[in-house]
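J.: Supplied in structure tokens, the structure appears directly below.
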Amino acid sequence: MKQEQRINVDLEEIITKYRPVITFKVIKAIGSHTPEWEDIVNEILANVIEKIRQKKFRGESTIGTFIYTITQRRIIDYIRAKSKSLTQVPEPKPYPSPLETLEKKELSHQIFQAIKKLKPKYREILYLYYYQGLSREEVAAKLGISSKKVSERVHYSLKLVKKELKTKK
């Protein structure tokens, strides 16, 4: 029982003395802007306590050196994990060129003009389905028709728009 109390007192002293040192090293290595730095410090302290309780600290070096080694290894592990996750992120798509932007605007304008030429029942179905994002069932309920009829009208409306776009080219 006396030995267990001594270990607890020593552990408390170690935490009190080395937490600021560990915190400084972690923040210096990964930055204070990284939200995980506090978790890393706590993991390091938990690891130190666990290794001391498992008698892995044999006293061949100072306790400071022992803690420094654990800290450095945890920081390296964190940086490796972050660099792996960064390399797995896909490259962002490049910004469209001015020509691509212009072509897209022109196509949008042509589609808008083609839709304007449709009969109102076909225009309305496209508006509800694509622009308001309603499901086929919701469009059917709103217009008082079957969802099969909605599907048919959407398909036919798109066919008419495509036909109009082909005649423009």
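Using my numbering, the first residue of the sequence shown is number -9, and each one after it goes up by one.
The beta carbon of each residue, even a glycine, is placed where N, CA and C say it ideally should be.
With a cut-off of 8 Å, do at least 3 Cβ pairs link the stretch 107 to 120 to the stretch 142 to 149?
T.: Enough Cβ pairs lie closer than 8 Å, so yes.
J.: Helix or strand or just coil, what does DSSP make of residue 102?
T.: Counting from one through the sequence shown, the residue named residue 102 turns up at place 112. Correct three-state label for residue 102: helix.
J.: Could you check how far apart the C-beta atoms of residue 27 and residue 20 are, in whole angstroms? I think they sit under 8 Å.
T.: Start at 1 with the first residue of the sequence shown, and residue 27 comes out as number 37. Start at 1 with the first residue of the sequence shown, and residue 20 comes out as number 30. Contact holds; Cβ gap of about 6 Å.
J.: Quick one, are the C-beta atoms of residue 37 and residue 57 less than 7 Å apart?
T.: For the purposes of this step, residue 37 is taken as the residue at position 47 of the sequence shown. For the purposes of this step, residue 57 is taken as the residue at position 67 of the sequence shown. Contact flag unset, no.
J.: Drop a sphere of 10 angstroms on the beta-carbon of residue 107, count the other beta-carbons inside from all chains shown, and report buried for 16 or more, exposed for fewer.
T.: To locate residue 107, count along the sequence shown from 1; it is residue 117. The residue is exposed, with fewer than 16 neighbouring Cβ atoms inside 10 Å.
J.: Could you pull the start and end residues of the alpha helix (DSSP H) that residue 112 belongs to?
T.: Position 122 of the sequence shown, counted from the start, is the residue given in the question as residue 112. 110 to 116 is the span of the alpha helix (DSSP H), which, as asked, contains residue 112.
J.: Are the stretch 65 to 74 and the stretch 2 to 20 touching by the rule of at least three beta carbon pairs closer than 8 Å?
T.: At 8 Å Cβ cutoff, the stretches touch.
J.: Determine the burial state of residue 119: buried for a count of at least 16 other Cβ atoms within 10 Å of its Cβ, exposed for fewer.
T.: The residue you call residue 119 lines up with position 129 of the sequence shown. With 16 or more other Cβ atoms within 10 Å, it is buried.
J.: So is residue 11 buried or exposed if we call it buried at 16+ other beta carbons inside 10 Å?
T.: Counting from 1 along the sequence shown, the entry for residue 11 is found at position 21. Residue 11 is exposed by the Cβ-count criterion.
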